[in-house]
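Down below is the structure, laid out as structure tokens.
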Amino acid sequence: MNESASNYLNALNIQQKEAILHSEGPLLILAGAGSGKTKVLTTRVAQLIKDKKCFGNQILCVTFTNKAANEMRERVLKLTNNKSNSIPWLGTFHSISNKILRKHAEAVGLKPSFTILDTLDQLKLIKNILAAENIDIKKNPPKLIAYLIDHWKNKALLPANVKINSSDYSKINALKIYKIYQERLRLMNCVDFGDLILHCVTIFKNFKEIQESFKKNFKYILVDEYQDTNYVQNLWLNLITNDSKNICVVGDDDQSIYSWRGAEVKNILEFEKNFTNTKIVKLEQNYRSTKNIINTASSLISNNDDRLGKKIWSDLKDGDKVRVNSFSDGRDEATGISDIIEKELIKYFSLNDIAILVRAAFQTREFEERFIKIGLPYRVIGGMKFYERAEIKDALCYLRLIQQKNDDLAFERIINNPKRSIGDSTLKKLHDLSRTRNKNLFETADEILNEDELKPKTKESLKQFIKLVKTWTKLSEQLDHVQLLERVLDESGYTQMLINEKSPEAEARLENLKELRASMKNYSNLVEFLENISLQTSIDEEWEGEKINLMTIHAAKGLEFNCVFLPGWEEGLFPHQKSIEEKGDQAVQEERRLAYVALTRAKQRLFISFANNRKYYGNNNSNDWMPSMPSRFIDELDKQYLEINETAKDNDQDFEFSQDFNFMEEKKSPGWKRYLQEKEKIKTINYTNNLTNFKIGQGVEHETFGKGKVIHIDGNKLLINFKDSGEKKVIDKYLKQFDHE
DNA sequence: TAACAACGCTTTTTT
DNA sequence: AGCGTTGTTA
25 MNESASNYLN
35 ALNIQQKEAI
45 LHSEGPLLIL
55 AGAGSGKTKV
65 LTTRVAQLIK
75 DKKCFGNQIL
85 CVTFTNKAAN
95 EMRERVLKLT
105 NNKSNSIPWL
115 GTFHSISNKI
125 LRKHAEAVGL
135 KPSFTILDTL
145 DQLKLIKNIL
155 AAENIDIKKN
165 PPKLIAYLID
175 HWKNKALLPA
185 NVKINSSDYS
195 KINALKIYKI
205 YQERLRLMNC
215 VDFGDLILHC
225 VTIFKNFKEI
235 QESFKKNFKY
245 ILVDEYQDTN
255 YVQNLWLNLI
265 TNDSKNICVV
275 GDDDQSIYSW
285 RGAEVKNILE
295 FEKNFTNTKI
305 VKLEQNYRST
315 KNIINTASSL
325 ISNNDDRLGK
335 KIWSDLKDGD
345 KVRVNSFSDG
355 RDEATGISDI
365 IEKELIKYFS
375 LNDIAILVRA
385 AFQTREFEER
395 FIKIGLPYRV
405 IGGMKFYERA
415 EIKDALCYLR
425 LIQQKNDDLA
435 FERIINNPKR
445 SIGDSTLKKL
455 HDLSRTRNKN
465 LFETADEILN
475 EDELKPKTKE
485 SLKQFIKLVK
495 TWTKLSEQLD
505 HVQLLERVLD
515 ESGYTQMLIN
525 EKSPEAEARL
535 ENLKELRASM
545 KNYSNLVEFL
555 ENISLQTSID
565 EEWEGEKINL
575 MTIHAAKGLE
585 FNCVFLPGWE
595 EGLFPHQKSI
605 EEKGDQAVQE
615 ERRLAYVALT
625 RAKQRLFISF
635 ANNRKYYGNN
645 NSNDWMPSMP
655 SRFIDELDKQ
665 YLEINETAKD
675 NDQDFEFSQD
685 FNFMEEKKSP
695 GWKRYLQEKE
705 KIKTINYTNN
715 LTNFKIGQGV
725 EHETFGKGKV
735 IHIDGNKLLI
745 NFKDSGEKKV
755 IDKYLKQFDH
765 E
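So our numbering is basically just the index in the first sequence, starting at one, shifted up by 24.
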């Protein structure tokens, strides 16, 4: 062992060392939140290479997200001083499967240049099939069918293997669609996310020599976030694991939050039954959070059953108590949190150290509005995916069609975009003809230019389009992919269409297309670009700059922040109503694990909050407030680690968070009465707030911005011209009168 | 065919 | 409030 290797081993605790040095045979690492599991995994990989147990390309290392994979790659390379291509098989299940499938596409009847469809393409395809089969779209919602297909794939079930035991019509229809769907995918040379993995499994099962070559190559296997693997992923792993059984999985049953995607905690619970002589290592020391945070999180998760029973502990200081705040409504919550950030945190922490983690994506909106208003920079992580934007998809579909004429979905998307007077009726005709002639849409369109199927005007328009695509196809052999895109956007009239629009949105779209061009330069040719773009979540999430982080709890998995805000801890939102309706107590337990993940993201400061009223669906009528109750999870937190602030409820000293949950039925319950009282009070507050006492031209003073003058009034929001900090919008309650000379 | 109004549904979480 | 689907009109 060389010097630097022993150095980095010294920085580890006993269990961590144990996990790293136990290189042979099955190993299960139960790693609590913040227990240094990434460190263990990266060090383990580095150690295998340094000890010459194998080459970097003989290690299969599977992570859950691209972000995690990139981070691991960086850290391993740092430890081994190696080149970036030295661990080629480090990636997500999907990206590794993609790589395998490109090599062996023919084994499942595909060409290596297959396209990966995203969720929207999938849905569109299902809709098309439903239309062609004359199946009622209302009785058979495409989304439900997509969901069922996904579930079957997660269970490794091809159409022929699906068993439906009841006379469940929606499932019978869905299965029928599934069959056609798979045929269509093959004809278009496309796969969906689920196929990436399932096709690999099929190949491993049907082609022993291919399976053997991988089994032989992968001397060591490592799997991160094992608690979130589903049946087909686990099967995939088993098929690729060789007789030496050098498989090391890392997971935390308390952090299993993807059962809705087919994840089976069973995999981690039964790992030792599957592999005899499994070595189990528990990492229980938390290096991330203060004692108060860890103890709060532990008290919550202890309410779950069926745990493997880790006891995580922290050696760090107690730290501040976890704060629980109550607000009158969602907007108030956003205001309150931004106040805490400005008044308490900004002095000690970078904005990058601050995160707001929400249960559902729509919750970020109120915070965005607030931050825009007061001028605090923020970033939303994992929001709109770059390649999902309409203009990007349009551009990609042009390229997809150029590269692969049988991509009907691409054809359909761009045929009338920009408008070419080729509308629904023409498209319907094309679809029908293509089905009877057994040709793809492009071929069919090309063919009927010589026939009398279409009106002359439509025919001419279609002719122009076909001609353009053919020209681009020829050009694609001479030009590089970036130049090709430029030609396409130009000659198709797409750019001109956006320029003509003259709206800010159109300008943003043009900007996005520029960004697309820039990102294409990272790939050497069109095929390579198209092969990889679909698996890219977004074009390198910009982490640069000083910004507050906004994201869902799911997206925050694996991350940590000094200061964490957890808003919206209300019954119905968290735990979410839908999840409870679907799966009852099992779902509540998963929601609780999600809450546990949320709590354990925090290193130093943790703020939980709930609002007494929340508006859903962006309803602006003041009477459409949904009354909300504090989440049961707040009740489950051990109070000795909390500091509770009932800012919106100062009249009720012995207020308890646990209110009567079924208040709808029992309207005379104390909880209901209290709610009515609160509602009255909130109305009063809002009323007085809207009538501000300040007048335009008046001198005012603000705690942080100093002195200034009122220049505009909008309800209780005032635009102030501050002497030192310029124009800012503030709410009147933060202003004092200041009579200037 | 395209442009526009009306309507109803939505929001759980994602590779 | 925002989107997609449906209906109406030029």
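Even glycine gets a Cβ: it sits at the ideal position worked out from N, Cα and C. If you're wondering where the values come from, they're calculated on a predicted model, not measured in any experiment.
- Contact annotation: D278 and R312 have beta-carbon atoms that are not nearer than 8 Å.
- In terms of Cβ geometry, T116 and F79 do not form a close pair [threshold 8 Å].
- If you ignore the 5 residues before and after R99, its C-beta comes within less than 6 Å of the C-beta of T66, all in its own chain and listed in chain order.
- Counting C-beta pairs with one atom in each stretch, the region 484 to 497 and the region 534 to 553 have fewer than three that are closer than 8 Å, which means they do not touch.
- DSSP places H600 in no alpha helix (DSSP H); its state is neither H nor E.
- Under DSSP, R389 shares a beta bridge with no residue.
- When beta bridges are read from the DSSP output, S633 appears opposite N349.
- As the crow flies, the alpha-carbon of S323 is around 41 Å from that of S558.
- Between the alpha carbons of I111 and N90 lies a distance of about 14 Å.
- Of the residues F598, H46, R616, A530, the one whose Cα lies closest to the Cα of L246 is H46.
- Sorting N573, E606, I124 by C-alpha distance to the C-alpha of G407 places N573 at the top.
- Boundaries of the alpha helix (DSSP H) around T67: 61 to 74.
- For N262, the uninterrupted alpha helix (DSSP H) segment begins and ends at 255 to 264.
- In this structure, Y665 is the residue among L509, Y665, L550, L759 with its C-alpha nearest to the C-alpha of K341.
- Within the model, the alpha-carbon separation for E614 versus E207 is close to 36 Å.
- Note on geometry: alpha-carbon atoms of L400 and S633 lie some 20 Å from one another.
- Boundaries of the alpha helix (DSSP H) around M544: 528 to 544.
- Looking at Q146, E157, K76, the one whose alpha-carbon comes closest to that of A170 is Q146.
- With the rule of 3 Cβ pairs closer than 8 Å, the region 388 to 397 does not count as touching the region 603 to 622.
- Here the alpha carbon of I336 sits roughly 19 Å from the alpha carbon of I281.
- Shown here, Y422 sits in a helix according to DSSP, grouped into three states.
- When C-alpha distances from C224 are compared across F589, E130, E667, the shortest belongs to E130.
- With fewer than three CB-CB distances shorter than 8 Å, the region 495 to 506 does not count as touching the region 469 to 478.
- The region 319 to 369 contains, as complete alpha helix (DSSP H) runs of 4+ residues, the segments 354 to 364 (chain order).
- The continuous alpha helix (DSSP H) containing H578 extends over residues 577 to 580.
- Distance from the Cα of I120 is smallest, within the candidate group T460, A93, N197, K627, for A93.
- Per DSSP, C224 lies in no beta strand (DSSP E); the unbroken alpha helix (DSSP H) holding it starts and ends at 217 to 230.
- Within the same chain, R312, S313, E584, F585, N586 come within 7 Å of K627 by CB-CB distance, once the 5 residues on both sides are set aside.
- Separation of the CB atoms of K719 and K731 is rounded to 16 Å, and the pair is thereby denied contact status at 8 Å.
- Contact between the region 261 to 271 and the region 229 to 247 is established, with three or more Cβ pairs separated by less than 8 Å.
- The count of Cβ pairs closer than 8 Å, one atom from the region 58 to 72 and one from the region 30 to 44, reaches three, so the stretches are in contact.
- In the DSSP assignment, F373 falls outside any alpha helix (DSSP H), carrying neither H nor E.
- With a beta-carbon spacing of about 5 Å, R347 and E667 fall inside the 8 Å limit used to define contacts.
- DSSP assignment within the region 398 to 453 yields the following whole alpha helix (DSSP H) runs of 4 residues or more, N-terminal first: 414 to 427, 432 to 438.
- Inter-residue distance for E392 and I380 is about 11 Å (C-alpha atoms, whole angstroms).
- Ranked by Cα distance from E366, the options D344, S603, I398 are led by I398.
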